[in-house]
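Comments concern the structure below.
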Amino acid sequence: MLQADAAAARTSVDLRLEEVSKNFGSVAALRPSSLAVEAGLLVSLLGPSGCGKTTTLRLIAGFEAPDTGRVVIGGQDVGDLPPNRRRLGMVFQNYSLFPHMTVGENVAFGLKIAGTGRDEAHRRVRSILELVRLPGFEDRFAHQLSGGQQQRVALARSLVTNPSVLLLDEPLGALDKNLRESMQFELRRIQQSLGITTILVTHDQEEALTMSDRVAVMNHGSILQYGTPTEVYDHPRTRFVSEFLGTSNLFRGRAARGPDGAGIRVEVPRDGAPPVVLRVARNGAAPKPGEPALVAIRPEKMRLTRTAPPALGRELDGLTAKVIDSVFRGTYHAYQLALPGRGDPLFVYQQTIDADGQGVFPTGSDVHVTWSPDNVVALADDGDAA
Amino acid sequence: MTATVAAPAASAPARRRKAHSGALSIWWVLPAVLFLIVFYVFPIVQNGYRGFYPEFAGAGLEFNLRAYAKLLGDSFYLGVIVDTFWLSALVTLICLVLGYPVAYFLVRYSGRWSGVIIFLLIAPLLTSIIMRTYGWRVLLARRGLINNPLLDQLGLIDAPLRLVNTQGSAVVGLVHVLVPFMVLAVASVLQGIDTRLEESARILGANRWQTFLRVTLPLSLDGIGTGAIMVFMIANGSFVTLLLIGGDSFRTLPLLIYQQFNTTRDFGFAAAMGNLLLLSAVGCLYLQLRLIRRRGVKG
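Line by line, the protein sequences give chains A and B. For the first sequence, this note's numbering assigns the number 423 to the last residue and increments by one with no breaks. For the second sequence, this note's numbering assigns the number 1330 to the last residue and increments by one with no breaks.
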């Protein structure tokens, strides 16, 4: 009932950054960047520390003023509005609950400021605490709560005023792993039930992929790629994006046309071995024939077999390699493979009990590594390992 | 909040260290203990004693409450007591009003200049209080730095203003001496307030003033309490400043004690007044302990 209430009270709004930039002294915290967030989506700003994600959030919140560009929330340029008039909700990593107030007073803070009546405020505090599953916690103090509970209170406090956009600054960073995972689902459930446009700042790629409708991958003050989690994971556009979102096997070579004149292939020279040839089916940023090229394949998109599969050379490309290490990771094994004439090992993740019963490959055994050209991604080399 | 969390963690290793170093270690504190006994405990005990065994002409040494009866029974002396506490309270209030904004600026906006500001705050404390007070005499003199421009350059007044040896000059002098204590006490507490608490309040709709009133100010009450008690206590006992630039504008207990020793030579009465001041100081310290413990429990 509450959720229906709240959803009715709020119409989700969209959020746009238009060529927004911010320098601190001579440091460019955010280079001119644009981002259009559709109403009701949860968008992650993902990147390593110092990438500009927190600056971006603070620009949206109004704690920093952009040097250039506009922040537009629900069609309104909020450049001239102080933080208190932007109708936002925000949750900080350390929760920032007011230590001199009870949970109830904390949650009611925004309502009190807005001049909401006592009874109305009580009712809304009670129902929002129910939404975050902390009913009856009104009279406790923050220091009497666990980290996860404080997190929920902070969330309740930021949502009770029906903000138009919710800003989350590493909200789960201080929680331990198990709690973090359950809170991810919890946060997502609440966000979706309210349909509130949400910006989540995180450096945790798993968190971004699990929780978000869209991910904006950032580095060095720039938004490198913006898309759905699957898009940015499966089709990273740059080396940084590819390596920041999980592991990638990189191949550096030269692009050429296929033998029949169609398609692009990348030839990777090897010392004392024939070159590895990778067909590039997906070619968003396809390298031009004759130019140097960088391509990547995810470890879980490669398959290990004892014998060459019949599709090799047709639907599949492949090579042979030697297992030098394998790590059992529960549902799958992580293999490290040595490839003749290549310095870096190849990483392959394969289900422990494979569908066609390949089993586990012992260290030292020779294996066939195969992959579909569909999973070969051409990358722009931003020269930046994660 | 941080302090309460850190305290148990810090005390555990401290306890262990004590256990390790053995019984010999108590001898190391002996010089300090002796020093304290000779120069602090003994005078205090003696003073306390003297207040109850005042010597009167013709009377032997016996327990009596005459000194206290005189102090608390005579309307003149009651006036002095009221004056003393009133002056201290006024000075404390002015120090708070002047010092809080300085502390706030120091913590929130000074950035890399904070070191310089703290130095400027502390530097006067390293100068003799007598020199500083004479400085005020120069400024406030009949033909001093304030009267001269008003008379000669601006021509706003016909005759020099009487600035020194007034209640005003006494208050100004005391505030000048004591305001750094307030600033440092408040600043140290403000330093510990996470700016994200203020930002949380802002994003929840509070403007700067509301944020200050509902978040920053309540969270800095500890610092205000500590600073106020410190300033009040020192002001209660201060007499050099009053002697040099206060004239007889305020008659306070310390001035009267000074008088008893130098003019009247009624040591018993002086001791009684001293004990009253000591009692007020103890009361202040008790208040401070109470205040901090209560806050500590609350988090």
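Ideal placement from N, C-alpha and C gives every residue a C-beta, glycine not left out.
Alpha carbon of residue i to alpha carbon of residue j, nearest angstrom
i	j	result
F135 of chain A	S1269 of chain B	39 Å
L1322 of chain B	V190 of chain A	28 Å
S1219 of chain B	I1160 of chain B	24 Å
R217 of chain A	V332 of chain A	34 Å
G396 of chain A	T389 of chain A	6 Å
G309 of chain A	M339 of chain A	24 Å
S81 of chain A	M255 of chain A	10 Å
L52 of chain A	D1253 of chain B	42 Å
V1208 of chain B	L1157 of chain B	11 Å
A1172 of chain B	S1200 of chain B	11 Å
F1107 of chain B	I1068 of chain B	35 Å
D176 of chain A	V1313 of chain B	35 Å
R163 of chain A	P382 of chain A	56 Å
F281 of chain A	V238 of chain A	15 Å
V317 of chain A	E268 of chain A	17 Å
Q228 of chain A	A358 of chain A	47 Å
A348 of chain A	L356 of chain A	13 Å
H405 of chain A	V74 of chain A	44 Å
L1127 of chain B	W1240 of chain B	18 Å
G1236 of chain B	V360 of chain A	60 Å
N1293 of chain B	L1287 of chain B	10 Å
G1305 of chain B	W1117 of chain B	17 Å
Which of helix, strand or coil DSSP assigns to residue i
i	result
A73 of chain A	strand
L39 of chain A	Legend: pLDDT at L39 of chain A = 47, less than 50; position of this residue unreliable, value from coordinates given subsequently. Three-state DSSP puts L39 of chain A in a helix.
I1188 of chain B	coil
G355 of chain A	strand
Y132 of chain A	coil
S259 of chain A	strand
G126 of chain A	strand
I1149 of chain B	helix
P1039 of chain B	Any reading at P1039 of chain B is ruled out, since the residue's pLDDT is 39, under 50, leaving its predicted position unreliable.
D241 of chain A	coil
D418 of chain A	coil
N143 of chain A	helix
F1300 of chain B	helix
N1179 of chain B	helix
V1328 of chain B	Below a pLDDT of 50, predicted positions are generally treated as unreliable, and V1328 of chain B, at 40, falls in that range; no measurement from the model is reported.
H272 of chain A	coil
D1105 of chain B	coil
Y1131 of chain B	helix
G106 of chain A	strand
V397 of chain A	coil
P312 of chain A	strand
P222 of chain A	The displayed chain sequence assigns Phe, not Pro, to residue 222 of chain A. If DSSP states are grouped into helix, strand and coil, F222 of chain A belongs with the helices.
I361 of chain A	strand
Cβ-Cβ separation, residue j to residue i (assumed contact under 8 Å), whole Å
i	j	result
P336 of chain A	N286 of chain A	7 Å
Y1135 of chain B	L1221 of chain B	6 Å
P306 of chain A	G327 of chain A	Actually they do not touch by this definition, with Cβ atoms about 15 Å apart.
G1331 of chain B	G1104 of chain B	Absent from the model: residue 1331 of chain B. The displayed extent of chain B is 1032 to 1330, so no value can be given.
G147 of chain A	T198 of chain A	4 Å
Q130 of chain A	D250 of chain A	Rounded, the Cβ-Cβ distance is 22 Å, inconsistent with contact.
A417 of chain A	R302 of chain A	Their Cβ separation, rounded to whole angstroms, is 18 Å, which puts A417 of chain A and R302 of chain A out of contact at 8 Å.
P120 of chain A	R1139 of chain B	About 16 Å separates the two Cβ atoms, so there is no contact after all.
E304 of chain A	P312 of chain A	5 Å
Q187 of chain A	Y132 of chain A	4 Å
V23 of chain A	L261 of chain A	Residue numbering for chain A in the displayed model covers 38 to 423; residue 23 of chain A lies beyond these limits and cannot be assessed.
S70 of chain A	L94 of chain A	Contact flag wrong, Cβ pair sits at about 13 Å.
Beta carbon of residue i nearer than 7 Å to that of residue j
i	j	result
L203 of chain A	I233 of chain A	yes
I1276 of chain B	G1204 of chain B	yes
G185 of chain A	A211 of chain A	no
V414 of chain A	H240 of chain A	no
N1078 of chain B	A1302 of chain B	yes
L231 of chain A	M220 of chain A	no
L341 of chain A	F288 of chain A	no
E1230 of chain B	F100 of chain A	yes
A293 of chain A	P324 of chain A	no
N1196 of chain B	G1110 of chain B	no
Is the region 1254 to 1263 of chain B close to the region 1194 to 1212 of chain B, with three or more CB pairs under 8 Å? For the pair of segments examined, the region 1254 to 1263 of chain B was found to touch the region 1194 to 1212 of chain B: the number of CB pairs separated by less than 8 Å reaches three.
Can you confirm whether the region 1282 to 1299 of chain B touches the region 1233 to 1251 of chain B when touching is taken to mean that 3 or more C-beta pairs between the two stretches lie within less than 8 Å? The region 1233 to 1251 of chain B and the region 1282 to 1299 of chain B do not touch, with fewer than 3 CB-CB distances between them shorter than 8 Å.
Whether or not the region 91 to 111 of chain A and the region 58 to 73 of chain A are in contact is what I'm after, with contact meaning three or more pairs of Cβ atoms, one per stretch, closer than 8 Å; do they touch? With the rule of 3 Cβ pairs closer than 8 Å, the region 58 to 73 of chain A counts as touching the region 91 to 111 of chain A.
Decide yes or no for the touch test of the region 1140 to 1147 of chain B against the region 1222 to 1230 of chain B: beta carbon pairs closer than 8 Å, at least 3 of them. Here the region 1140 to 1147 of chain B makes no contact with the region 1222 to 1230 of chain B; the two share fewer than three CB pairs at distances below 8 Å.
Do the region 254 to 269 of chain A and the region 74 to 92 of chain A make contact, defined as three or more Cβ pairs closer than 8 Å? Taking 8 Å as the limit for Cβ pairs, the verdict is that the region 74 to 92 of chain A does touch the region 254 to 269 of chain A.
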